[in-house]
Each structure stands twice: as C-alpha cells, then as structure tokens.
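As structure tokens, the structure follows; a few thoughts come after it.
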Amino acid sequence: MSQSRGMYPALFICHGGGPMPILGDPGHKPMVDKWKQHAQDIVAKYGKPTAIAVVSAHYNTSAPEVGGAARPEMWYDYYGFPKEGYTIQYSAPGNPSLAQEMAQAMKDAGLKATANPSRRYDHGVFVPLLTMFPDADIPVIPVSVLAGDSPTEHMKMGTALRPFRERGVFFLGSGSSMHHFGNLGRKGAGTTFNNALTEALTKHEEWSGEERMAALAKVETFAGFDEAHPPGAHEHLMPLLTLLGTAAGNAAKEVANLPFISANVRHYLFEN
Numbered sequence: 353m354s355q356s357r358g359m360y361p362a363l364f365i366c367h368g369g370g371p372m373p374i375l376g377d378p379g380h381k382p383m384v385d386k387w388k389q390h391a392q393d394i395v396a397k398y399g400k401p402t403a404i405a406v407v408s409a410h411y412n413t414s415a416p417e418v419g420g421a422a423r424p425e426m427w428y429d430y431y432g433f434p435k436e437g438y439t440i441q442y443s444a445p446g447n448p449s450l451a452q453e454m455a456q457a458m459k460d461a462g463l464k465a466t467a468n469p470s471r472r473y474d475h476g477v478f479v480p481l482l483t484m485f486p487d488a489d490i491p492v493i494p495v496s497v498l499a500g501d502s503p504t505e506h507m508k509m510g511t512a513l514r515p516f517r518e519r520g521v522f523f524l525g526s527g528s529s530m531h532h533f534g535n536l537g538r539k540g541a542g543t544t545f546n547n548a549l550t551e552a553l554t555k556h557e558e559w560s561g562e563e564r565m566a567a568l569a570k571v572e573t574f575a576g577f578d579e580a581h582p583p584g585a586h587e588h589l590m591p592l593l594t595l596l597g598t599a600a601g602n603a604a605k606e607v608a609n610l611p612f613i614s615a616n617v618r619h620y621l622f623e624n
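Spelled out as structure tokens, the structure:
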C-alpha cells in the first residue's frame, strides 16, 4: 500500500530499564544509539513533528486517557536507581487542546476516553525523548495503555488516532517486545516471540490491514509469547498494538534487533 500523503511515521521502541539508558549505562548503549538514529532518520525524511504522542506502558488506565497538562511535571516512577535518576528534567510543553481533540476522537469511536489535565511525564515518556528530542521544544501528549491488555481495544484506540498522524503528530510506542523480568538474564530470551512478531508485522504482503490486525489480535498465541511476557502483565507490548491501529493494519519495518540485558528486543517503524 502506498504511503498516505502527509502521514507522519509511528515508531515502537524498547525504553530500557528505568533511567539507566540516560545515565550512561553501557549495557543500554546499543539501544540509546538506535534511539538517536531513529530520530535523526525520521526528522531528516519527514521534518520535525508538530507534536509527539507517547503511548507509554507506564501510563496504565482502565479506559483510554491522554495527558492534557500544559506544563507536565516529572514523575520518577521507579525505585532503587542512582540518585541522579531522580533529578532528571524534561521541559517539553504539553498541548491541552490537542489532548482534548485526541480524547474526543476516541470518544467518537465509541471509547470512553478522557484528557487528564494533571498527568505527569512517566519514565516511558521522558527517558527516550531526552535522547531522541533533547531540545524539548516539541509538545508532548502522553497516551495510556489499558489495564485489560486487550490487543483489539488498543488497535481501536490507534485507529481513532490515525488522523493525527496526517497532521504531523509523531506516535512513539514506548514499551518492549520482551518484558519478562524472570527471563531477561537468559541469553536470547524473547527471540522466538520476536521472530513471530516480525513475521506478522512485516511480511504477508497479501494481507489487508484488517487481516493483519486480526492476526495481531491473537498475539498472545504467538510462539514464545509466554517467555517474552509474564502472565497478566502484557502492558509493555500494548503500545505496539495501538501503533498498528494508527497504521490501519499496514505493514511495519523492523528497524532494530537489539540485546536487552541478555534478552532480545525489536523496534518497528510504521510509515503508512
């Protein structure tokens, strides 16, 4: 399918462990380098986005919500890290009117969405953005994931938000394709699932968008899923499903295949 005119891309990344990617942890360097490369490549091809909508795995709500603060505060939603991790600042403004528009778009699609005027920046937002857009001069809109971990509901959210990509909004899915703490120390853990994920997202040119979304609605049945995501805690994968909705089920490109501790993670770019 051809790229829609004016369609700004959407990118799913692994955001790493707490603040460590931006504290110089050598184990995160390949990931951080990829973040920088992704941002540079996207801006070089598409220009600066008009706003950044970050679908964060650490913004968990029972119904869809978007952050609508004009000047969001910081939320250091982690513990046990070096003290430097609790003084980080990311001063990008919010955009309350855009947040209200996004909430309304989801309401119009039958979702009980709201804008939260006091939502802070969690680390799923500020950690990657400090590297990708360090000037903090682009408005940021946090977007929640749903507590029920329903792939279908997240794709429905994304479908409702797709028109904002046509207005130059960059959707960043901040989570991880592999997020089972019990297996992060196992060499190559997550590879089986990530291979299946890449197959479903990037192959099958014969699939329509609806067929691809139907396949991803059953992502929990993919080979290796239980190794990559613990029972009842699939929130780190949900931003990817929202982004697939913003892409109307069009195929993605795998743009990174990286180590995370000893495990394996992938990044995906949607340009259509």
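Once you know that position 126 of the sequence shown is 478 in our numbering, the rest is easy, because the numbers rise by one and skip nothing. Cβ coordinates follow ideal geometry from the N, Cα and C atoms, glycine included.
Helix, strand or coil: which one does DSSP assign to residue i?
i      : result
Pro611 : strand
Ser356 : Here the model assigns Ser356 a pLDDT of 40, short of 50, so the residue's position is not dependable, and the following value carries that caveat. Three-state DSSP puts Ser356 in coil, outside helix and strand.
Pro494 : strand
His531 : coil
Gly379 : helix
Glu606 : strand
Phe522 : strand
His506 : helix
Asn624 : coil
Phe516 : helix
His556 : coil
Ala600 : coil
Leu536 : coil
Let me confirm a value: residue i is counted as buried when at least 16 other C-beta atoms fall within 10 Å, else exposed. Which label applies?
i      : result
Asp460 : exposed
Pro434 : exposed
Lys386 : buried
Ala422 : exposed
Taking the C-alpha atoms as reference points, what is the distance between residue i and residue j?
i      : j      : result
Gln392 : Tyr620 : 15 Å
Leu450 : Ser470 : 15 Å
Thr554 : Met372 : 30 Å
Asp331 : Pro401 : Past the boundaries of the shown model lies residue 331; the chain is included only from 353 to 624, so the question cannot be answered.
Leu568 : His586 : 14 Å
Asn412 : His532 : 18 Å
Gly437 : Phe478 : 11 Å
Gly399 : Phe622 : 16 Å
Starting from the N-terminal side, write out each stretch of the alpha helix (DSSP H) that is 4 residues or longer and does not extend beyond the stretch 391-469. The stretch 391-469 contains these whole alpha helix (DSSP H) runs: 448-460.
Examine the Cβ distances between the stretch 438-446 and the stretch 478-486 and report whether three or more of them are shorter than 8 Å. Output reads yes: the stretch 478-486 touches the stretch 438-446.
Taking 8 Å as the cut-off, does the stretch 507-516 touch the stretch 420-435 (at least 3 CB pairs, one atom from each stretch)? Touching, no.
contact_flag[the stretch 603-611, the stretch 546-565] where n(CB pairs < 8 Å) is 3 or more: With a cut-off of 8 Å on Cβ pairs, the stretch 603-611 is in contact with the stretch 546-565, counting three or more such pairs.
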